[in-house]
Amino acid sequence: AQSVTQLGSHVSVSEGALVLLRCNYSSSVPPYLFWYVQYPNQGLQLLLKYTSAATLVKGINGFEAEFKKSETSFHLTKPSAHMSDAAEYFCAVSDNTDKLIFGTGTRLQVFP
Amino acid sequence: NAGVTQTPKFRILKIGQSMTLQCTQDMNHNYMYWYRQDPGMGLKLIYYSVGAGITDKGEVPNGYNVSRSTTEDFPLRLELAAPSQTSVYFCASSWETSSSYNEQFFGPGTRLTVL
């Protein structure tokens, strides 16, 4: 069965600092991987997705993620955090039946 | 397009009461999903549907029922509410596809408390 593990339920950074949110996946087949963002009291929005076209995926709001098969990782990064990036971030993997398996989420706090 | 809409936004139920959470999408998506979100647990799939008249269980279906009579609507029914069903419920939809990389679009959620 496929699964994702998000290391760190909470991450705090200063405004302007690098954001790094970690995601490792388990899959017996080539996976499709996603990062979603959830702002307070809202639904989830897609940040970016990996579909095997390129290992470095660029998403919205300056975020990007790199697929590393050797490390089974799909970490999310942003060079410079903004206050508006404060949200909860979910990594997800597709199990090839159009269902998504979600990680437990990482809450990002950005301090001025 | 309104996307995925959910009603109500908030609801408090007493133990044993029943209710239906409504979900509608206007994107002509065939696939629809119901998730529940509990703190620190991520999202768990309750039920999903690959088209009108077709539904299937997800990871946590006990205590819930669904129906899919139209492409647009996918209501979730709680028959005998229990405190363990206190959660935030999200509906989502996506395109029908033979592959698995299509984005799911989420509604704003329904916050349910069972007392």
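Heads up: the protein sequence lines correspond to chains A and B, in order. For the first sequence, the working numbering gives the first residue as 14, with consecutive numbering after it. For the second sequence, the working numbering gives the first residue as -14, with consecutive numbering after it. Just so you know, even glycine gets a beta-carbon here, dropped at the ideal spot from N, CA and C.
For the segment 73 to 122 of chain A, the full-length beta strand (DSSP E) segments reaching 3 residues or more read 77 to 81, 86 to 91, 100 to 107 and 113 to 115 along the chain. When the beta-carbon positions are compared, A/T119 and A/V50 stay at least 7 Å from each other. Residues of the same chain with a CB within less than 6 Å of the CB of B/Q2, apart from the 5 flanking positions on each side, are A66 in chain order. Cβ neighbours of A/I114 within its own chain (closer than 7 Å, five residues either side excluded): Q15, S16, V17, A105, V106 and D108. Among the residues of chain B, none has a CB under 9 Å from the CB of A/G21; the nearest is roughly 12 Å distant. Rounded to the nearest whole angstrom, the C-alpha separation of A/S41 and A/F87 is 16 Å. Taking a beta-carbon distance threshold of 7 Å, B/P46 does not count as an interface residue toward chain A. Separation of the CB atoms of B/L97 and B/Y74 is rounded to 6 Å, and the pair is thereby assigned contact status at 8 Å.
A straight-line Cα-Cα distance of about 16 Å links B/T(-10) and B/R21. For A/G72, not one C-beta of chain B is nearer than 7 Å to its own C-beta.
The beta carbon of B/Y33 lies closer than 8 Å to those of Y16, M17, Y18, W19, T40, D41 and G43 in the same chain, with the five residues before and after it left out.
Neighbours of A/L113 across chain B, judged by C-beta separation under 7 Å: Q89. Beta-bridge partners assigned by DSSP to B/I39: B/G36. Inter-segment contact for the segment 26 to 41 of chain A and the segment 75 to 90 of chain A is present: three or more beta-carbon pairs are separated by less than 8 Å. Take the alpha-carbon of B/G48 and the one of A/T90: they are about 39 Å apart.
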